[in-house]
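Numbering (UniProt numbering), first residue to last: 1 to 489.
All C-beta atoms, glycine included, are put in the ideal place defined by N, C-alpha and C.
Working notes, structure below.
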Amino acid sequence: MDINSQTLNISEHLNVSQVDIPEIPKDIIFPDELNRFFKEQIRYYVHENGMLQKNLSDTELDYNKCKTKINELETKLKHFEKLTDGNDILNSTQVASIKIVELSKKLREKNSEVEVLKTKNSKLEQHVYQLQHKPEDHKETGLPFFFVYYTAKNIFFQKEKKKPVNELEETVKKLQEKLNHMTNKMLETKNTNLQLKNDLKLANKWLQQEIGENFESVQSLNNNGNWRGRSQIICDLQQKNAELREKIKESQEKHITLTSNKTDSKILRKKYDALRARCKVLDTDYTLLKSKFTMMKEQSERDQDIISTLSSQISNTRDIKNDVLQQKDLIINKIQKDKNILCKEIDEYKSITKKIQGRNNSKNIGRLEVERQRLLELVEVQNKRLNSERDAHSKTQHLLRYEKQRAAKAEANAARVELESSTSRSSGYSTSSIRPLDLGIKDQLELAEENIKALKTRLEIEHFERKSDLQEFTKILRNYDYEESQMNL
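Right, here's the structure in full:
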């Protein structure tokens, strides 16, 4: 029985391309914990695969051993069934055993005949011995010893029958012939006995050559007293047949269990092939994910550098904005102080004008009216400038708020970028989201710088105009004081 025919024939081409494996999207990046979990799962499945292969090989060996045992038992059963059935064709060993039985029967018959002849011979020898030890009876008769011997024989067989002398001679002749015939028969039986013994020896030799060392000859069986007849052999064979059938039932049960184990092993082999294909796919996916992970790591490092530069730029812009706001507050305070001073000067001027009006100087009233109108114009101009400054201040406040909101939005976007880079969900998304943010922040910074420059120039212009107004106002006041002093003189 070929062992290779019973082993599982698995092709080298596993048709991995036909296995339906769900596609993993390119944007997904697995974390380290998941990769470690997959590695542990792969190691576990590889170990389980080795154990299953070992169990499969062990079960296949057990299956082959059981198959060989079943075949041996089937051959033995067939052999015993042939022995029990008379119609079947007899083997050489069966023919030899039947011949031995027949020869043993013949030998027993011949032995019985020999024993009968021996008993008869012993009786005759006893009778002869008795006649030899009584010679007086022979002398009285005057007959020879041979005649006396045969007459004694005749007397022994016929007992008390009386016959004439002529008939005695005939009987002696017949007895002699019978004795010769019996001796010949005895010799023939001895010869046949010797022939049968030789045949028995030859048959025993043949059987020993056929069966082997476990063969027990008929003589040893007769000597031991354990010789069995045909019916006993049939009973023993029937018992052995029943035992062998029970063994065959057990072997069939084992065969059923083996078939179930074989199906289980096939299922496990299929699962193993699927898992091996899955492992290969996972290995390829793992290499791709590793390369993606390295790319994403590099990209995240770049993004972090960009975020750090942007955060530094945002902090710088904040500092600049704070400086500008402080300068604006200082300028507004100065303007307020100048305004208060001008209001005081106007009040003083009003008081002076009232004094001048009290003097009822027509000349001075005309001049003062002119000067008053001029001062009123200057005050209106100053008020207009103050209103424009207030509008500019409100606009700058509005721009400041807008810039603060933009800075807060930029900070939120930077925090979002940091979160996206830490999670590293997708490389394309992160790069596409960071670039417009960078452009927006740069535009916002440029706009803020331009606004700051414009505000600075406007503040300088206003400061210069205020200085010129103050100088003109001081000149007017000086002229007025000079004229008043001259008038007093």
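Requested in this report: Rank D338, D347, E250, N71 by C-alpha distance to the C-alpha of K467 and give the top, closest one.
Outcome: One-based indexing of the sequence shown puts residue 467 at position 467. Answer by Cα proximity: D338.
Query - Contact check, E371 vs Y480, beta carbons under 8 Å - result: Sequence index remark: in the sequence shown, residue 371 carries index 371 (1-based). Sequence index remark: in the sequence shown, residue 480 carries index 480 (1-based). Yes; because the gap between Cβ atoms is below 8 Å, this pair is in contact.
Query raised in the report: When the Cα atoms are used, what is the spatial distance from Q41 to R269?
Result: Here residue 41 is taken as the residue at index 41 of the sequence shown, counted from 1. Here residue 269 is taken as the residue at index 269 of the sequence shown, counted from 1. Cα-Cα distance, rounded: 18 Å.
Requested in this report: Excluding the 5 residues preceding and the 5 following N451 in the sequence, name in chain order all residues of the same chain whose CB lies nearer than 7 Å to its CB.
Outcome: Residue mapping note: residue 451 aligns to position 451 of the sequence shown, counting from 1. Hits under 7 Å: L399.
Requested in this report: Leaving out five residues on either side along the sequence, give the residues of the same chain with a beta carbon under 8 Å from the beta carbon of F37.
Outcome: Working through the sequence shown from its first residue, we reach residue 37 at position 37. There are no such residues.
Query raised in the report: To which residues of the same chain is M186 closer than 8 Å at the C-beta, ignoring the five residues directly before and after it?
Result: Here residue 186 refers to the residue found at position 186 of the sequence shown. Excluding positions up to five away in sequence, the list reads V114, L117.
Requested in this report: Determine the direct distance from the alpha carbon of T257 to that of G86, and round the result to whole angstroms.
Outcome: Position 86 of the sequence shown, counted from the first residue, corresponds to residue 86. Position 257 of the sequence shown, counted from the first residue, corresponds to residue 257. Since pLDDT at G86 reaches only 45, below the 50 mark, its modelled position is unreliable, and the value read off the structure follows with that caveat. Taken atom to atom, the span from the alpha-carbon of G86 to that of T257 is near 37 Å.
**Report entry** Residues near L459 by beta carbon distance below 6 Å, same chain, minus five either side
**Finding:** Counting from one through the sequence shown, the residue named residue 459 turns up at place 459. Cβ neighbours of L459 beyond the five flanking positions: I331.
Query raised in the report: Whose C-beta lies closer than 6 Å to the C-beta of Q444 among residues of the same chain, with five residues either side of it excluded?
Result: Your numbering for residue 444 matches position 444 in the sequence shown. Cβ neighbours of Q444 beyond the five flanking positions: R406.
Query - Straight-line gap, D305 to A408 (C-alpha atoms, nearest Å) - result: Within the sequence shown, numbered from 1, the residue matching residue 305 stands at position 305. Within the sequence shown, numbered from 1, the residue matching residue 408 stands at position 408. Distance between the alpha carbons of D305 and A408 is about 20 Å.
**Report entry** Inter-residue spacing [alpha-carbon to alpha-carbon] between K54 and D283
**Finding:** One-based indexing of the sequence shown puts residue 54 at position 54. One-based indexing of the sequence shown puts residue 283 at position 283. Straight-line Cα distance between these residues: approximately 25 Å.
Query raised in the report: Are the CB atoms of N198 and K110 nearer to each other than 8 Å?
Result: What you label residue 198 is simply residue 198 of the sequence shown in a count that begins at 1. What you label residue 110 is simply residue 110 of the sequence shown in a count that begins at 1. Contact flag unset, no.
Query raised in the report: Does the segment 250-267 come close enough to the segment 60-69 to have 3 or more Cβ pairs within less than 8 Å?
Result: A contact exists between the segment 250-267 and the segment 60-69.
Query raised in the report: Is the beta carbon of E418 within less than 7 Å of some heavy atom of the ligand PLP?
Result: The ligand PLP is not part of the structure shown, which contains no ligands of any sort.
Query raised in the report: Is there contact here, the segment 371-385 with the segment 343-358, by at least three beta-carbon pairs under 8 Å?
Result: yes
Query - Straight-line Cα distance separating L288 from K297 - result: Mapped onto the sequence shown, residue 297 falls at position 297. Mapped onto the sequence shown, residue 288 falls at position 288. Answer to the nearest angstrom: the Cα atoms are 14 Å apart.
Query - Cutoff 8 Å; reference H393; Cβ partners in own chain excluding five residues on either side - result: Along the sequence shown, one-based indexing puts residue 393 at 393. Taken in chain order, the residues that qualify are K328, I332.
Query raised in the report: Apart from the five residues on each side of it in sequence, which residues of its chain come closer than 7 Å, Cβ to Cβ, to S311?
Result: For this step, residue 311 is matched to residue 311 along the sequence shown. A414, listed in sequence order.
Query raised in the report: Do L275 and Y45 have their CB atoms nearer than 8 Å?
Result: Counting from 1 along the sequence shown, the entry for residue 275 is found at position 275. Counting from 1 along the sequence shown, the entry for residue 45 is found at position 45. Going by C-beta atoms, L275 is nearer than 8 Å to Y45.
Report task. Identify whether K78 lies in helix, strand or coil by the three-state DSSP scheme. Result -> The sequence position of residue 78 within the sequence shown is 78, counting from 1. K78: helix per DSSP, three-state reduction.
Query raised in the report: In angstroms, rounded to a whole number, what distance separates the CA positions of E462 and D469?
Result: Counted from its first residue, the sequence shown places residue 462 at position 462. Counted from its first residue, the sequence shown places residue 469 at position 469. Roughly 10 Å between the two C-alpha positions.
Query raised in the report: CA-CA distance, N180 and L73?
Result: As a working mapping, residue 180 is identified with position 180 in the sequence shown. As a working mapping, residue 73 is identified with position 73 in the sequence shown. Those two C-alpha atoms are separated by around 59 Å.
Requested in this report: Measure the alpha-carbon distance for Q313 versus D319 and round it to whole angstroms.
Outcome: Sequence index remark: in the sequence shown, residue 313 carries index 313 (1-based). Sequence index remark: in the sequence shown, residue 319 carries index 319 (1-based). One C-alpha to the other measures close to 10 Å.
Query raised in the report: Which residue's Cα is closest to the Cα of residue 490: T423, N49, A242, L325?
Result: Any property of residue 490 remains undetermined from this structure, which presents the chain solely from 1 to 489.
Query - Beta carbon of L237 nearer than 8 Å to that of K76 - result: Translated into the one-based positions of the sequence shown, residue 237 becomes position 237. Translated into the one-based positions of the sequence shown, residue 76 becomes position 76. Taking 8 Å as the Cβ cut-off, L237 and K76 do not qualify as a contacting pair.
Query raised in the report: What's the C-alpha gap between S422 and Y272?
Result: On the sequence shown, residue 422 is found 422 positions in, with the first residue counted as 1. On the sequence shown, residue 272 is found 272 positions in, with the first residue counted as 1. For S422 and Y272, the distance between alpha carbons rounds to 38 Å.
**Report entry** I70 beta carbon less than 8 Å from that of S265
**Finding:** Within the sequence shown, numbered from 1, the residue matching residue 265 stands at position 265. Within the sequence shown, numbered from 1, the residue matching residue 70 stands at position 70. No, they are not a contact pair.
Query raised in the report: Which full runs of the alpha helix (DSSP H) of 4+ residues lie inside the segment 374-418, going along the chain?
Result: none
Query raised in the report: E177 to K78, Cα distance in whole Å?
Result: Your numbering for residue 177 matches position 177 in the sequence shown. Your numbering for residue 78 matches position 78 in the sequence shown. Straight-line Cα distance between these residues: approximately 57 Å.
Report task. Have a look at K280 and Y286 and give me their C-alpha separation to the nearest angstrom. Result -> Stepping through the sequence shown from its first residue, residue 280 is reached at position 280. Stepping through the sequence shown from its first residue, residue 286 is reached at position 286. When rounded, the distance between both Cα atoms is 10 Å.
**Report entry** E389 vs I335 beta-carbon contact at 8 Å
**Finding:** Taking the first residue of the sequence shown as position 1, residue 389 is located at position 389. Taking the first residue of the sequence shown as position 1, residue 335 is located at position 335. Yes.
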